[in-house]
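Inspection log for the structure reproduced underneath, given as structure tokens.
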Amino acid sequence: MVVDGQTLANRELRKSAILRLGQLAGRVGALIDGELPRLLVVVTHRDLHEPDPVAIEWMVAEFAKQNVSFKLMPVASFSENAIKAGDGLAELIQETVGEPKPLPVFWPGTDLRSGMSSFLSYRRDQ
């Protein structure tokens, strides 16, 4: 999920934005059976505003109402102040991709059985 960091920095708009985020998280939770995959909340405009701790507390409380947990990922959309453009993107990509899973063997070897072709018996007994 992506939220505008300027909206979260605005005291008049942040509560409604957080409420809508919580509702959206609840809808996502209702769509998925079983355990919810990890949810990343990307906050833009980190170059202008660091996420406010009060807003983060409200987000945690709102998501908890929906039984959803999340990880906050602030990113700098542009380059203002001392923060470089794209700051936080490497962490976001690493969190999204994570560790690569091992690839399965494309064509595993099988023991040849007498009188049977390996090609015809591939995965027939599995």
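For the sequence shown, position 115 matches number 114 in numbering that gives the first Met the number 0, and the numbering has no gaps at all. All C-beta atoms in this analysis are idealised placements derived from N, C-alpha and C, irrespective of residue type, glycine included.
Close Cβ partners of residue i (< 6 Å) along its chain, the five nearest in sequence each way excluded
i	result
Val40	Met0, Phe69 and Leu71
Bridge partners - residue i, DSSP secondary structure assignment
i	result
Val40	Leu71
Val27	For Val27, which the question treats as bridged, DSSP gives no partner whatsoever.
Cutoff 7 Å; reference residue i; Cβ partners in own chain excluding five residues on either side
i	result
Leu18	Glu61
Phe77	Asp46 and Ala84
Ile82	Arg45, Asp46 and Ala75
Buried or exposed by the 16-neighbour rule on C-beta atoms within 10 Å, applied to residue i
i	result
Val42	buried
Val104	exposed
Val96	exposed
Cβ distance (whole Å) where residue i is taken to contact residue j below 8 Å
i	j	result
His44	Gly87	Actually they are not in contact, since the Cβ atoms of His44 and Gly87 sit about 11 Å apart, beyond 8 Å.
Gly108	Gln65	Not really, about 49 Å apart at Cβ, beyond 8 Å.
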